[in-house]
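With the working numbering, the residue at position 297 of the sequence shown is 354, and numbering never jumps.
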Amino acid sequence: MIFVIVSMIYIPMIIASNIIVFWGILLYPGFYTSNNFLLMNLAVYDGMVGLVCLPMYMLCYSDLTKEFISDSKYLCLIRFCSVIMFAGGSIHALLFLSIDRYIAVMWPLRYCSLVTNERMIRVLVALGVYMFTISMLPIMGWNFYDYNVKNLNERCHAYRVLPQIYIIWSTVIALQMCIWVSVILNVQIIYIVLQQIKASKKTLPTWSNDSIVQFENRISSVKVTVVLMLLFIILWLPFILVAPLKIKKVLSPATTEVIKTYAMIMFFANSAVNAAIYAILREEYKEVYTVMLTSWPWNWKNNLRKLHRELNYKYSIARFRRTYDVESSILNSEMCLS
58 MIFVIVSMIY
68 IPMIIASNII
78 VFWGILLYPG
88 FYTSNNFLLM
98 NLAVYDGMVG
108 LVCLPMYMLC
118 YSDLTKEFIS
128 DSKYLCLIRF
138 CSVIMFAGGS
148 IHALLFLSID
158 RYIAVMWPLR
168 YCSLVTNERM
178 IRVLVALGVY
188 MFTISMLPIM
198 GWNFYDYNVK
208 NLNERCHAYR
218 VLPQIYIIWS
228 TVIALQMCIW
238 VSVILNVQII
248 YIVLQQIKAS
258 KKTLPTWSND
268 SIVQFENRIS
278 SVKVTVVLML
288 LFIILWLPFI
298 LVAPLKIKKV
308 LSPATTEVIK
318 TYAMIMFFAN
328 SAVNAAIYAI
338 LREEYKEVYT
348 VMLTSWPWNW
358 KNNLRKLHRE
368 LNYKYSIARF
378 RRTYDVESSI
388 LNSEMCLS
């Protein structure tokens, strides 16, 4: 019952927040970058978690509908396959975000040539095809669903319906690989960025305006990615640890089921926090979200284009002032020396 109540709170939050992220990136001209395409792809997977996965699990946990779901072979399989496709896609998208930020930090001068919009779109299409193929395997016949099992809870239980090798790969190996690779990349990113910030303080006054803006944007993107990854690890780790417990049968089934329920509540929360993080850590996202939340959807396109023009003008003035301040300080220094 707790899971059903929490799901009813999560569903509108997840759907609404990821709609804002998706349309904000699609309609705001300043967001047409490869990194933001990744964020838009993440919003699609997270949105589908709220639109498909959570309703299916809520129906399975509700006393009124769980027998209906468990008694239908394909509804039972869709319940599991939707999580593998959309929640798994969300995890892989976060891994690609970490890889993208790692490339941006390690090879900043070559980033634009290495990570183009066309290459990013190909990667995202390949990810979609991979996740669809993996998630469809049980529906296409690789399952042990048995109508002869009288207990409906047992009949539609993931560890009874899905092959063990499939569960180990899709929920243990693949997920843990994504998490630990992301952790390693983000630790390196944090270390490199801290070193860059330390070195930049000495040479920053001599940089061009564009270089300063690009550096600030890169630091901001890294902050967003790192916070996302930390939350991702915290929220997903309990769910990933439950899988080995169930496979090895370390605890009693009832205890494991309780732990799994609370772990699911945590990992589904991951799909609801991304939009809030963008808004908190990046000023431009905050501006875009404010416009979208204070206007009707049919006005979003015009309002966001207007916002883009206003922000470009504001940033141009800021760059001009920065240039003037730098030139003034150099001139004053020369006058003092003379």
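We put the beta carbon where it would ideally sit given N, CA and C, even for glycine.
For valine 172, the three-state secondary structure derived from DSSP is coil. Rounded to whole angstroms, the Cβ separation of tyrosine 67 and alanine 320 is 14 Å, and the two are not in contact under 8 Å. By the neighbour-count criterion, in which 16 or more other beta carbons inside 10 Å mark a residue as buried, valine 283 falls on the buried side. The region 183–201 makes no contact with the region 115–126; the number of CB pairs closer than 8 Å stays below 3. Residues of the same chain with a CB within less than 8 Å of the CB of proline 310, apart from the 5 flanking positions on each side, do not exist. The region 208–269 is shown to contain whole alpha helix (DSSP H) runs of 4 or more residues at 209–212, 215–218, 221–224, 231–260, in chain order. If you check the CB distance, valine 345 and tyrosine 85 come in under 7 Å. Tyrosine 89 sits in coil when the DSSP states are folded into three classes, being neither helix nor strand. Here the region 64–79 lies against the region 91–107, with 3 or more beta-carbon pairs under 8 Å apart.
Judged by DSSP secondary structure, tryptophan 353 falls outside any alpha helix (DSSP H); it is assigned neither H nor E. C-alpha of valine 140 to C-alpha of glycine 81: approximately 25 Å in a straight line. Proximity to tyrosine 223 across Asn331, Ile236, Met193, Met163 peaks at Met193, based on C-alpha coordinates. A direct Cα-Cα distance of roughly 32 Å separates leucine 368 from leucine 242. Burial of glutamate 341 is indicated by the presence of at least 16 other C-beta atoms within 10 angstroms of its C-beta. Per DSSP, glycine 107 is not a residue of any alpha helix (DSSP H), being assigned neither H nor E.
Short of 7 Å from the beta carbon of valine 240, and not among the five residues preceding or following it, lie these beta carbons of its own chain, in chain order: Ile290.
Contact check between the region 205–213 and the region 124–132: three or more CB pairs, one atom from each, fall below 8 Å, which counts as touching.
Proximity to threonine 313 across Val299, Tyr370, Phe324, Ile322 peaks at Val299, based on C-alpha coordinates. Between the alpha carbons of methionine 234 and lysine 207 lies a distance of about 37 Å. Membership of arginine 158 in the alpha helix (DSSP H) is indicated by the continuous run 145–163. Burial of serine 64 is indicated by the presence of at least 16 other C-beta atoms within 10 angstroms of its C-beta.
For valine 61, the uninterrupted alpha helix (DSSP H) segment begins and ends at 59–84. Taking a contact as a CB-CB distance under 8 Å, the pair valine 250 and valine 330 does not count as one, their CB atoms being some 22 Å apart. Per DSSP, the continuous alpha helix (DSSP H) segment holding leucine 132 begins and ends at 130–139.
Serine 352 is classed as exposed because its beta carbon has fewer than 16 other beta carbons within 10 Å across all chains shown.
Around the beta carbon of tyrosine 114, 16 or more other beta carbons sit within 10 angstroms, so the residue counts as buried.
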